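Novice:
In mature numbering (1 follows the signal peptide of the UniProt record, and there is no 0), the protein residues as written are -23 to -1, 1 to 111.
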């Protein structure tokens, strides 16, 4: 019964995410009329996702303390939270407890995170020459 409750909880979380996700929804008339369409000349059909103005840094690096970087950092943090939540939900124990017990899945996840963190930090140190903070 304990596994069944986890499956039900996971399905409920997925349904809530599907209900509250509006990124792929068709925009209302007021949004469509004020949106700048850059896809009119393209051969495929347009959607709200194609017409959305993405928040890129316009000549600046996409990391640091700029508003756009904070938006992207927040999105990454949200995805990491969901991944850790699902890992704990599926395994039935916390990440710290799994590491203390020597669980291979938790050790592999921690090792992959450490490699990613070190390589991404090195990449940013080599690539980053932008002193602009706004």
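From the three backbone atoms N, C-alpha and C, an ideal C-beta is built for every residue, glycine too.
As the structure is a prediction and not an experimental result, all values here were calculated from the model.
Could you tell me whether the Cβ atoms of residue 76 and residue 83 are closer together than 7 Å?
Specialist: Residue 76 sits at position 99 when you count from the first residue of the chain shown. Residue 83 sits at position 106 when you count from the first residue of the chain shown. Going by C-beta atoms, residue 76 is nearer than 7 Å to residue 83.
Novice: Kindly indicate which residue of 104, 90, 103, 100 has the alpha-carbon position closest to the one of residue 57.
Specialist: Here residue 57 is taken as the residue at index 80 of the chain shown, counted from 1. When each option's Cα is compared against that of residue 57, the closest is 90.
Novice: Going along the chain, which unbroken runs of the alpha helix (DSSP H) with 4 or more residues stay wholly within the stretch 48 to 98?
Specialist: For the stretch 48 to 98, whole alpha helix (DSSP H) runs of length 4 or above, ordered along the chain, are 72 to 78.
Novice: In three-state DSSP terms, what is residue 44?
Specialist: On the chain shown, position 67 is the one that residue 44 refers to. Helix at residue 44.
Novice: From 53, 74, 70, 51, pick the residue whose C-alpha is nearest to that of residue -18; which is it?
Specialist: Counting from 1 along the chain shown, the entry for residue -18 is found at position 6. Ranking 53, 74, 70, 51 by Cα distance to residue -18 puts 70 first.
Novice: Tell me which residues share the same chain as residue -14 and place their Cβ nearer than 7 Å to its Cβ, disregarding the 5 neighbours each side in the sequence.
Specialist: Locating residue -14 in the chain shown gives position 10, where the first residue counts as 1. Excluding sequence neighbours, residue -14 sits near 66.
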